[in-house]
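A.B. asks: One structure coming up, written as C-alpha cells, with questions to follow.
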Amino acid sequence: MTATAKLFASAALLLLLLVGVPLFINATGRSDLYYTLTSVALLSIISAGVWITFYIGRINIGQGAYALMGGYVSAILVMEYGVSFWVTLPLAGLFCMAASVLIGLPILRLRGVYFAMVTLVLTEVARLLALALPITNGAKGIVSIPQPGRIGLFGLTIVPDFATLANPRFAFYIVSVLLMALCFAALYRLKNSRIGQLCQSLQQNEELASSIGVNITYLRVLAYAISSFLGGVGGAMFAAISQSIYPSSFTVADSINFMLNCFLGGLGYVFGPMLGTFVLYFGWDLLFQTGEFQLLIFSTILIALMLLLPNGLLSLRLSGRAKATAAAPPAHRQEETQARSTAAGRASS
Amino acid sequence: MEQVIANGLYLGAQYALIALGLTLIFALMNVLNFAHGQMYVLGGFVTYTIYGRLGLPFPVALAASCVTLGVVGALIEKFLFRPVVRRSEREESTMLLAAAVAFFLDAVILLLFGEKQRGVPKIVNGVFVSDQLIMPYDRIVVGVVAIAMIAAFVLYMQYSRPGRAMRALAQDRTAAQLMGVNVDRYSMIGFALGALLAGAVGSLLVTITGVNSGIGGPISIKAFLMVMIGGAGVVGGAIAGGFILGMMESVGLTVLREYGDITYLVIFALLMIFLSIRPNGLMGKPWG
Numbered sequence: 011m012t013a014t015a016k017l018f019a020s021a022a023l024l025l026l027l028l029v030g031v032p033l034f035i036n037a038t039g040r041s042d043l044y045y046t047l048t049s050v051a052l053l054s055i056i057s058a059g060v061w062i063t064f065y066i067g068r069i070n071i072g073q074g075a076y077a078l079m080g081g082y083v084s085a086i087l088v089m090e091y092g093v094s095f096w097v098t099l100p101l102a103g104l105f106c107m108a109a110s111v112l113i114g115l116p117i118l119r120l121r122g123v124y125f126a127m128v129t130l131v132l133t134e135v136a137r138l139l140a141l142a143l144p145i146t147n148g149a150k151g152i153v154s155i156p157q158p159g160r161i162g163l164f165g166l167t168i169v170p171d172f173a174t175l176a177n178p179r180f181a182f183y184i185v186s187v188l189l190m191a192l193c194f195a196a197l198y199r200l201k202n203s204r205i206g207q208l209c210q211s212l213q214q215n216e217e218l219a220s221s222i223g224v225n226i227t228y229l230r231v232l233a234y235a236i237s238s239f240l241g242g243v244g245g246a247m248f249a250a251i252s253q254s255i256y257p258s259s260f261t262v263a264d265s266i267n268f269m270l271n272c273f274l275g276g277l278g279y280v281f282g283p284m285l286g287t288f289v290l291y292f293g294w295d296l297l298f299q300t301g302e303f304q305l306l307i308f309s310t311i312l313i314a315l316m317l318l319l320p321n322g323l324l325s326l327r328l329s330g331r332a333k334a335t336a337a338a339p340p341a342h343r344q345e346e347t348q349a350r351s352t353a354a355g356r357a358s359s
Numbered sequence: 006m007e008q009v010i011a012n013g014l015y016l017g018a019q020y021a022l023i024a025l026g027l028t029l030i031f032a033l034m035n036v037l038n039f040a041h042g043q044m045y046v047l048g049g050f051v052t053y054t055i056y057g058r059l060g061l062p063f064p065v066a067l068a069a070s071c072v073t074l075g076v077v078g079a080l081i082e083k084f085l086f087r088p089v090v091r092r093s094e095r096e097e098s099t100m101l102l103a104a105a106v107a108f109f110l111d112a113v114i115l116l117l118f119g120e121k122q123r124g125v126p127k128i129v130n131g132v133f134v135s136d137q138l139i140m141p142y143d144r145i146v147v148g149v150v151a152i153a154m155i156a157a158f159v160l161y162m163q164y165s166r167p168g169r170a171m172r173a174l175a176q177d178r179t180a181a182q183l184m185g186v187n188v189d190r191y192s193m194i195g196f197a198l199g200a201l202l203a204g205a206v207g208s209l210l211v212t213i214t215g216v217n218s219g220i221g222g223p224i225s226i227k228a229f230l231m232v233m234i235g236g237a238g239v240v241g242g243a244i245a246g247g248f249i250l251g252m253m254e255s256v257g258l259t260v261l262r263e264y265g266d267i268t269y270l271v272i273f274a275l276l277m278i279f280l281s282i283r284p285n286g287l288m289g290k291p292w293g
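Chains as they are written, first to last, in the numbering used here: chain A, 11 to 359; chain B, 6 to 293.
So, in C-alpha cells, the structure goes:
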C-alpha cells in the first residue's frame, strides 16, 4: 500500500468508527455495544503500550500495574483534590511514566524471560500495594467517582459535562475512539521515525547496537516510559467509565491478556494490538452464551490459532507476499537496520 | 525462632520442588511455563479424587498424580509446543501458547472439579511438640518426602543416562544434537518430568492446605519469583531460590505481622534491589 492509500484507509476506519458504528447502533438499538467497543478501544491503547516494549525486544507482562496505577492516580486526584478529570488523564500518564523510569532503570537490564517474570510480579505487587496503602482505601477501592466535567474555552463548551448527557456511554465511546486514533497515529509515527528504527536495532542485537553508538539505556527506558504512559492513560479512562477502581481492577490475568492481544494481532504490525484486542474481546463476549464452557472453548481456539498461525493474525493478510520473499527478508532487514544504526551512530558521535 | 526456621524449611522444600519443574522446562525448551501453577492444581485434584473421595492409600494417590501430570506434560509438549517452536518466527510465541494452555487447564479443572475449596483427611495424625517447636507430623512427613524427591531428582539428572542427555540439551541444543542426543525425545521427557514435579507438589500439599481451582496463577507467580532469585534454567538455583523464598516468607510473616499484609511487598522490593545488582540471579547463566 502506498502512503496515500494507507492514509485513506485509516481515515475511512476512523469515520466508520465515529459515524458508522453509532448509526448502526441506533438502527439496531443495541446500545450495549457502546460499552464493549469503548472497552476494546481502551484495552487496545493499553495493549499498544505492551507492543512498544515488544518492539525493543522485551516481553512486558506488567502493563496491568501501570493501568491500575493510572486509574488510582486519576481517581485520587478527582476525589481528594477535586481536579478536573481531563487534567488528571495526562497527569495519570505522566505519573506512570515517572514511576516506570524509576522501576525501568534496574529491571530493563534484564532480558528475555527474566524481564517477563519480573514484570509479571510487578502486576501482583501493584495489586498488593493498592491493598496496603492508606490512600487507596484498601480492598473497598474508590467508588462513585464523579463523571468527567465540561471543558470550556472562553465560555464556549468544547466537551459538555458528562453527567448532564442523556447517553454518557456514547460520549465515552467517542472520546475513547479519538484517544485510540491518536495513540495509534503516534505509534505509527514513532515506529517509522529514527527512534523506531533504533528500537528495532535493540530488538535484534543490543550489544551490536550499543557498540555502534546507540544509547541503549536511554532508548529502552524511553520506550518503557511511553509504554507505561499509554497504560496509565488507559487505566485512568477505565476508572472514569466504570466510576470506580479496585485493587482487582487490573490483575495478572489482565496483564497476560494485554500481551496476548499483541501476540494475536502480530508483533510485527502497528495495528496488531488493535486487531488482537478486538478479536480477543469480541470472541470472549460471543462465547458468553456457552456458559460454563466459555473458558474451555476460548482457550481451545487460542491454542488452535497458535498452531495454525504462530506469527499472529496479521501474518495471514501478508502471507502471500511474505511467502514470495520468505528467503530474503530476515538477513536483508537486518542489514538495513544495521546500516541505519551505523548512520545513526555516526550522527550522534 | 526455631519455629520460624522449621516452617521456612518445610515451605522451602515444597517451593524448591515447584521451581525445579519450572526451571527444567525452561532450560530444555526455553519455554516459560505459565501453566505450571495449573499443573500443580491438577495434581492436587487428582490426589483429592483418589485419596479423599475413593479412599485409596495416599502413596497410590501420589503416584497417580505424578503419572497423570507426566502424561499430560508429555502430550502438551509433543502436540502443542513442538510444532509451535518449530514454526514460529519469534520464540516468544511459545509464551502465548503457554498462557493459552494455562487457561485451558484452568477451564478443565473448573469443569471437572468445581470451584470449591477441597481438602483431604490428614495422612498422619498428631503433632510433634518440644520446648521450642510445634510441628504437626503430617507436615514433617510432607517436608521429608519433598526433600527426598529433590534428592532423587538431582541424582537422576546427575547420573542417569536421560539425565545426562537433558543436561547436555540444556547446555547447548545444537551440540547435543550433533553428539547424537535425540532432542525431540528428551525434550518430551523433560517436559513430562517438569509437569510431574508440579503434580507431585500439588499432591503433597493438598493434604495440608487443600486445593481450589483459583490458586494456579498465584503459584505460578511464586515459582517465577524463586526462579528469578536462583537464576533460570539452573537446578541448583531453583533449589536455592525455593528455600530462600520459603525462608523469607516464613520470617516475613512473623516479623512484619504488625504492619499488615506486606510480606510480599518487602520481598519484591528486596528482589528488585538484588536483581539490579545481579540480573541473572544467584547462579543463572547470563541472559538465560
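Note that the Cβ used here is the ideal one computed from N, Cα and C, for glycine as well.
Tell me whether the beta-carbon of Gly26/B lies closer than 7 angstroms to the beta-carbon of Phe248/B.
C.D. replies: What you label residue 26/B is simply residue 21 of the second sequence in a count that begins at 1. What you label residue 248/B is simply residue 243 of the second sequence in a count that begins at 1. No, they are not a contact pair.
A.B. asks: Taking DSSP as the reference, what is the three-state secondary structure of Arg95/B?
C.D. replies: One-based indexing of the second sequence puts residue 95/B at position 90. Arg95/B falls in the coil class under three-state DSSP.
A.B. asks: Just checking: is the beta-carbon of Val135/A within a distance shorter than 7 angstroms of some beta-carbon in chain B?
C.D. replies: Here residue 135/A is taken as the residue at index 125 of the first sequence, counted from 1. Taking Cβ atoms only, chain B reaches closer than 7 angstroms to Val135/A, which makes this a yes.
A.B. asks: Using C-beta distances below 6 angstroms, list every residue in its chain close to Ala228/B, excluding the 5 sequence neighbours before and after it, in chain order.
C.D. replies: In the second sequence, counting from the first residue as 1, residue 228/B sits at position 223. Contacts found: Ile23, Ala24, Leu27, His41.
A.B. asks: What number of angstroms, rounded off, separates the C-alpha of Ser20/A from the C-alpha of Phe239/A?
C.D. replies: Position 10 of the first sequence, counting from 1, holds the residue named residue 20/A. Position 229 of the first sequence, counting from 1, holds the residue named residue 239/A. Counting only the Cα atoms, Phe239/A lies some 23 angstroms from Ser20/A.
A.B. asks: When burial is assigned at 16 or more other CB atoms within 10 Å of the CB, is Pro339/A buried or exposed?
C.D. replies: Counted from its first residue, the first sequence places residue 339/A at position 329. The predicted model places Pro339/A with a pLDDT of 41, which falls under 50 and marks its position as unreliable; any figure quoted below should be read in that light. Under this definition Pro339/A is an exposed residue.
A.B. asks: Which residues in the same chain have their Cβ closer than 6 angstroms to the Cβ of Ile62/A, if we skip the five residues on either side of it in sequence?
C.D. replies: Residue numbering aside, residue 62/A sits at position 52 when the first sequence is read from its first letter. For Ile62/A, where only same-chain residues beyond five positions count, the Cβ hits under 6 angstroms are Ala233, Ile236, Ser237.
A.B. asks: If you draw a straight line from the alpha carbon of Ala58/A to that of Met284/A, how long is it in whole angstroms?
C.D. replies: Position 48 of the first sequence, counted from the start, is the residue given in the question as residue 58/A. Position 274 of the first sequence, counted from the start, is the residue given in the question as residue 284/A. C-alpha separation (whole angstroms): 8 angstroms.
A.B. asks: What residue ranges within the region 87-141 of chain B form continuous alpha helix (DSSP H) runs of no fewer than 4 residues, ordered along the chain?
C.D. replies: 87-92, 98-118
A.B. asks: Anyone know if the C-beta pair for Ala102/A and Ala191/A falls short of 7 angstroms?
C.D. replies: On the first sequence, residue 102/A is found 92 positions in, with the first residue counted as 1. On the first sequence, residue 191/A is found 181 positions in, with the first residue counted as 1. No, they are not a contact pair.
A.B. asks: Do you know offhand how far Thr179/B's Cα is from Ile255/A's?
C.D. replies: Looking up residue 179/B in the second sequence gives position 174. Looking up residue 255/A in the first sequence gives position 245. In a straight line, the C-alpha of Thr179/B is about 50 angstroms away from that of Ile255/A.
A.B. asks: Is it buried or exposed, Thr300/A, if we count other Cβ atoms within 10 angstroms and call 16 or more buried?
C.D. replies: Taking the first residue of the first sequence as 1, we reach residue 300/A at position 290. Exposed, since its Cβ has fewer than 16 Cβ neighbours within 10 Å.
A.B. asks: What separation, rounded to the nearest whole angstrom, lies between the Cα atoms of Glu134/A and Tyr76/A?
C.D. replies: Stepping through the first sequence from its first residue, residue 134/A is reached at position 124. Stepping through the first sequence from its first residue, residue 76/A is reached at position 66. Approximately 11 angstroms, taken between the alpha carbons.
A.B. asks: Would you call the CB atoms of Gly278/A and Gly286/A closer than 7 angstroms?
C.D. replies: As a working mapping, residue 278/A is identified with position 268 in the first sequence. As a working mapping, residue 286/A is identified with position 276 in the first sequence. Not a contact, by the Cβ cut-off of 7 angstroms.
A.B. asks: How long is the line joining the alpha carbons of Val129/B and Leu229/A, rounded to whole angstroms?
C.D. replies: The residue given as residue 129/B occupies position 124 in the second sequence. The residue given as residue 229/A occupies position 219 in the first sequence. Spanning the two alpha carbons is a distance of roughly 58 angstroms.
A.B. asks: Here's the rule I'm using: 16 or more other beta-carbon atoms within 10 Å means buried, otherwise exposed. How should Asp264/A be labelled?
C.D. replies: In the first sequence, counting from the first residue as 1, residue 264/A sits at position 254. Counting the other CB atoms within 10 Å of its CB gives Asp264/A a total of 16 or more, which places it among the buried residues.
A.B. asks: Taking Leu198/B as the reference, which of Leu276/B, Leu250/B, Ser70/B has the closest Cα?
C.D. replies: As a working mapping, residue 198/B is identified with position 193 in the second sequence. Checked all of Leu276/B, Leu250/B, Ser70/B; the closest Cα to Leu198/B is Ser70/B.
A.B. asks: I want to verify the contact list: residues of chain B whose CB lies under 7 angstroms from the CB of Ser54/A, in sequence order.
C.D. replies: Locating residue 54/A in the first sequence gives position 44, where the first residue counts as 1. Under the 7 angstroms cutoff, chain B gives no residues; its nearest Cβ is about 17 angstroms from Ser54/A.
A.B. asks: Are the C-beta of Val231/A and some C-beta of chain B separated by less than 7 angstroms?
C.D. replies: Start at 1 with the first residue of the first sequence, and residue 231/A comes out as number 221. No, because no Cβ of chain B sits closer than 7 angstroms to the Cβ of Val231/A.
A.B. asks: Check distances from the C-beta atoms of the region 272-302 of chain A to those of chain B and list, in chain order, the residues that come in under 7 angstroms.
C.D. replies: Phe273, Leu277, Glu302
A.B. asks: Any beta-carbon of chain B closer than 7 angstroms to the one on Pro257/A?
C.D. replies: Within the first sequence, numbered from 1, the residue matching residue 257/A stands at position 247. So, not an interface residue.
A.B. asks: Helix, strand or coil, according to DSSP, for Val65/B in the structure here?
C.D. replies: Along the second sequence, one-based indexing puts residue 65/B at 60. Val65/B falls in the helix class under three-state DSSP.
A.B. asks: So what does DSSP say about Ser329/A, is it helix, strand or coil?
C.D. replies: Within the first sequence, the letter at position 319 stands for residue 329/A. Per-residue confidence for Ser329/A stands at a pLDDT of 47, beneath the threshold of 50, marking its modelled position as unreliable; no derived number is given.
A.B. asks: Which bits of chain B does Thr375/A rub up against, with CB to CB less than 8 angstroms?
C.D. replies: Residue 375/A lies beyond the stretch modelled for chain A, which goes from 11 to 359, so this question has no answer here.
A.B. asks: Please state whether the Cβ-Cβ distance between Gly244/A and Ile56/A is less than 7 angstroms.
C.D. replies: Here residue 244/A refers to the residue found at position 234 when the first sequence is read from its first residue. Here residue 56/A refers to the residue found at position 46 when the first sequence is read from its first residue. For Gly244/A and Ile56/A, yes; Cβs fall inside 7 angstroms.
A.B. asks: So, using beta-carbon positions, are Leu78/A and Ala15/A closer together than 7 angstroms?
C.D. replies: Along the first sequence, read from residue 1 onward, the residue named residue 78/A stands at position 68. Along the first sequence, read from residue 1 onward, the residue named residue 15/A stands at position 5. No, Cβ-Cβ distance for Leu78/A and Ala15/A is not below 7 angstroms.
A.B. asks: Taking all protein chains shown into account, decide if Phe63/B is buried (16 or more other Cβ within 10 angstroms of its Cβ) or exposed.
C.D. replies: Looking up residue 63/B in the second sequence gives position 58. Buried, because 16 or more other Cβ atoms sit within 10 Å of the Cβ of Phe63/B.
A.B. asks: Should Asp136/B be labelled buried (16 or more other beta-carbon atoms within 10 Å of its own) or exposed?
C.D. replies: The residue you call residue 136/B lines up with position 131 of the second sequence. Counting Cβ neighbours within 10 Å, Asp136/B comes out exposed, since fewer than 16 surround it.
A.B. asks: Residues of chain B with a CB under 8 angstroms from the CB of Met79/A: which are they?
C.D. replies: Start at 1 with the first residue of the first sequence, and residue 79/A comes out as number 69. Result: empty, since nearest Cβ-Cβ is about 15 angstroms, beyond 8 angstroms.
A.B. asks: To the nearest angstrom, how far is the alpha carbon of Ser208/B from that of Ile155/B?
C.D. replies: Counting from one through the second sequence, the residue named residue 208/B turns up at place 203. Counting from one through the second sequence, the residue named residue 155/B turns up at place 150. Ser208/B and Ile155/B have their alpha carbons spaced roughly 15 angstroms apart.
A.B. asks: Please go through the same chain and pick out, in chain order, the residues whose beta-carbon is closer than 7 angstroms to the beta-carbon of Thr268/B, but skip the five residues on each side of it.
C.D. replies: Along the second sequence, one-based indexing puts residue 268/B at 263. Glu254, Gly257, Leu258, Leu261, listed in sequence order.
A.B. asks: Would the region 32-39 of chain B and the region 274-282 of chain B be scored as touching if the rule is three or more Cβ pairs under 8 angstroms?
C.D. replies: no
A.B. asks: Would you mind reading off the limits of the alpha helix (DSSP H) that contains Asn271/A?
C.D. replies: In the first sequence, the residue the question calls residue 271/A occupies position 261. Start and end: 262-275.
A.B. asks: Taking DSSP's pairing of strands, which residues face Val169/A in a bridge?
C.D. replies: Counted from its first residue, the first sequence places residue 169/A at position 159. Answer is Ile161/A.
A.B. asks: Would you tell me roughly how many angstroms separate the C-alpha atoms of Val93/A and Cys106/A, rounded to the nearest one?
C.D. replies: Along the first sequence, read from residue 1 onward, the residue named residue 93/A stands at position 83. Along the first sequence, read from residue 1 onward, the residue named residue 106/A stands at position 96. Using only the alpha carbons, I get a separation of about 18 angstroms.
A.B. asks: Tell whether a beta-carbon distance below 7 angstroms holds between Leu120/A and Val131/A.
C.D. replies: Residue 120/A sits at position 110 when you count from the first residue of the first sequence. Residue 131/A sits at position 121 when you count from the first residue of the first sequence. Not closer than 7 angstroms, so no.
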